[in-house]
Amino acid sequence: MAWQGSARRARLPKNWALIRRRVLRRDNHECQTRFSDGRLCGAPANQVDHIEPGDGHSMANLRALCAWCHARKSASEGGHAAACTRVRTERPKQTHPALED
Ligand SMILES: [Zn+2]
Numbered sequence: 719m720a721w722q723g724s725a726r727r728a729r730l731p732k733n734w735a736l737i738r739r740r741v742l743r744r745d746n747h748e749c750q751t752r753f754s755d756g757r758l759c760g761a762p763a764n765q766v767d768h769i770e771p772g773d774g775h776s777m778a779n780l781r782a783l784c785a786w787c788h789a790r791k792s793a794s795e796g797g798h799a800a801a802c803t804r805v806r807t808e809r810p811k812q813t814h815p816a817l818e819d
């Protein structure tokens, strides 16, 4: 088993493969990410995401995502609370790496 020893694998239920297939079929293999402008991503989905991170494997807590959206969500989950309270400020101008000393 490729994921043997992984903590993530241990948290998934025994019938995860079945659940995963069911979620992808329910969502028509389309990414369910809703962008801030209201559009649905709709890209071909091959991943299943837990809407609320954790151990809830109910169909209501699962949705199909494309690899890109899933990676983006996973990357942002850690700093999400901080990002929600952060005050938006002007980003400092990037300097070209060649110009840095
Ligand atoms: Zn997507």
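Letter 9 of the sequence shown, counting from 1, is numbered 727 in the numbering used here, and no numbers are missing. Just so it is clear, CB atoms sit at the ideal spot from N, CA and C, and this is done for glycine as well.
For the pair L742 and A789, the CB atoms are not nearer than the 8 Å cut-off. For the pair V766 and R744, the CB atoms are not nearer than the 8 Å cut-off. T751 counts as buried, since at least 16 other C-beta atoms from the protein chains shown sit within 10 angstroms of its C-beta. For A793, the distance from the CB to the nearest heavy atom of ligand 1 is not below 7 Å. Residue state for L730 is assigned as coil, using DSSP reduced to three classes.
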